[in-house]
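Sequential numbering of the sequence shown, starting at 57, is according to the working numbering.
See structure below.
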Amino acid sequence: MVLEKTFHLSVGREAKIIVRGRVARNRSEIVIDYEFLIREKHDTDFREPIGPNHPQYWKLKKSTPERSQLLQLEYSGISRKQIRDATREFKRAAGPGYTFRYQNEIEERTKYLKGIRVSALSRRMLSVA
């Protein structure tokens with residue numbers, strides 16, 4: 057089962073959370089995994105936040121899969137509240153009778169994740185550009 061949820065961020069960027077659920081062997085448990093993508097104003101398609109030409113790409117490649125997923129989340133600009141909203145919607149769509157387990161405990165590892173914050177001056181500058 058797959059759920060895609062798109063959020064419009066304050067800096068003119070769109071962020072997409074893809075929540076994937078895989079039914080475990082006992083058929084009453086769903087394992088949840090996330091993917092984070094972004095799209096700037098001038099882009100036509102969504103892409104990963106840290107690509108080969110990003111300054112932190114080396115850190116992404118040296119990290120464990122769990123840590124690299126957290127880096128992608130951090131650089132996407134998605135807040136913890138938005139992750140919870142997407143997860144809640146996925147659980148609602150899956151229906152009752154399932155227990156959920158996370159591939160990587162993202163919600164607990166992102167305790168202080170706030171997303172992108174923009175001041176009034178920055179917002180005016182972005183609207184002019």
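We treat Cβ as the ideally placed atom computed from N, Cα and C, and that holds for glycine.
Along the chain, which unbroken stretches of the alpha helix (DSSP H) at least 4 residues long are found entirely within the region 71–136? The qualifying runs are 113–118 and 121–132.
Mind checking who F156 pairs with in its DSSP beta bridge? I86
Would you report the Cα separation of R81 and V87, rounded to the nearest angstrom? If you draw a straight line from the Cα of R81 to the Cα of V87, it comes to about 10 Å.
Do L59 and F92 have their beta-carbon atoms positioned less than 8 Å apart in this structure? no
Grab me the residues of A150's own chain with a C-beta within less than 7 Å of its C-beta, minus the 5 sequence neighbours each way, in chain order. Excluding residues within five positions, the ones whose Cβ falls inside 7 Å are M57, G77 and I86.
Cut-off 7 Å between Cβ atoms - residues of its own chain near L127, not counting five sequence neighbours on either side: Within the same chain, L127 has close Cβ partners I106, Q112, K115, L116 and S119.
Beta-carbon proximity list for F146, same chain, < 8 Å, skipping 5 on both sides: M57, L59, V75, G77 and I88
So is T62 buried or exposed if we call it buried at 16+ other beta carbons inside 10 Å? exposed
Per-residue DSSP class, three states only, for E60: strand
Backbone secondary structure at R148 - three-state DSSP: helix
Pop quiz: R69 and R95 are said to be a contact at Cβ under 8 Å. What is the actual Cβ separation, rounded to whole angstroms? 7 Å
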